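Beneath this line is the structure, given in structure tokens, with notes to follow.
Now the structure itself:
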């Protein structure tokens, strides 16, 4: 009988049956492993990023963990810090210390000031070239844009612009630099190679900020007193449209556009509206306002986390930042920072 049993088990039909059973069990195991991996990926926390907030009246920078949504440290810096940028490799933070007439360099590992970049008097805003090799700085008190080499930390040029320069933008290819002058009410387009102004574009009163769409097809300039955002064609240097804002219950004077941030796909723009305490969400194709987000008081500037999950806003009068879920357009939390937060920049960990 045992011999007979072995003969049955060794028959072709029995072997095929065994293979089928093994195959079914293997498929079940593979499906289980795939489901387990998927569950782990879904359960994994979002990547944590570090935000740096300049506190203009606190003479400090507050550091925020965006994953924990909490401030982890506030450090003292120079006087009247406003513009703030992060080096390409995330190793340094550059801080415009306006009343000290310099740009301070903060080491992101030690959180110590390690040196300075040579700006002009009262540096207010700056922007990095796309390759991270150059910092472009607006110096409010001498009507100059200064160009600084980030490696040698030396000036490599300057360009005379209008009165009270502030807003800074650079095209994605790094060829065109833009500065806005508050008193002259102009956007100055500068060739970064020749260091010469190639166009002056008149906009509404007190332009405070400029930003290129990610595809470089448009340049947006916010005018604080004018209450508009001018849409400029970078090729023709013409204003093609002006975006205006209306919020029920608020006067036009209370709606003052400042900071601008585009999503990476360029489909949406977020505009800080100052004492209106709101951020406008704009469809960039139609130029229509989709929604107004109520944030903290006197919202100045804003920045996305690198994964675009969150938008952070610096709220000057309420001394906090708001964290906005960029997908649901809901404000998730307000985080107290230093006195009069003004600028904000976010780096990966």
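Numbering (this note's numbering), first residue to last: 131 to 479.
Beta carbons are placed, not taken as given, at the ideal position from N, Cα and C, and that holds for glycine.
Quick caveat: nothing in here was measured; it's all calculated off a predicted structure.
When C-alpha distances from residue 381 are compared across 392, 403 and 363, the shortest belongs to 403. The residue among 292, 293 and 412 with its C-alpha nearest the C-alpha of residue 343 is 412. Fully contained in the region 267 to 314 are the following beta strand (DSSP E) runs of length 3 or more, in chain order: 274 to 279, 284 to 290, 295 to 300 and 306 to 311. Annotation for residue 178: no beta strand (DSSP E) segment contains it, and DSSP assigns it neither H nor E.
Under the three-pair Cβ rule at 8 Å, the region 290 to 301 counts as touching the region 254 to 268.
When beta bridges are read from the DSSP output, residue 408 appears opposite 424. Rounded to the nearest angstrom, the Cβ distance from residue 415 to residue 401 is 16 Å, too far for a contact under 8 Å.
The beta carbons of residue 235 and residue 222 sit closer together than 9 Å. Boundaries of the beta strand (DSSP E) harbouring residue 318: 316 to 321, taken from the DSSP string. For the pair residue 183 and residue 477, the CB atoms are not nearer than the 9 Å cut-off.
With a cutoff of 9 Å on beta-carbon distance, residue 261 and residue 218 are scored as near each other.
In the three-state reduction of the DSSP assignment, residue 230 falls in the helix class.
For residue 445, the enclosing beta strand (DSSP E) begins and ends at 440 to 445.
Of the candidates 283, 346, 279 and 288, 288 places its Cα closest to the Cα of residue 251. Each of 462, 467 and 377 was checked against the Cα of residue 197, and the nearest Cα belongs to 462.
Residue 213: member of the beta strand (DSSP E) spanning 211 to 216, first to last residue.
Under DSSP, the beta-bridge partners assigned to residue 373 are 359. Residue 249 is positioned such that its CB atom lies no closer than 9 Å to that of residue 273. Taking all protein chains in view, the Cβ of residue 209 is surrounded by fewer than 16 other Cβ atoms within 10 Å, so the residue is classified as exposed.
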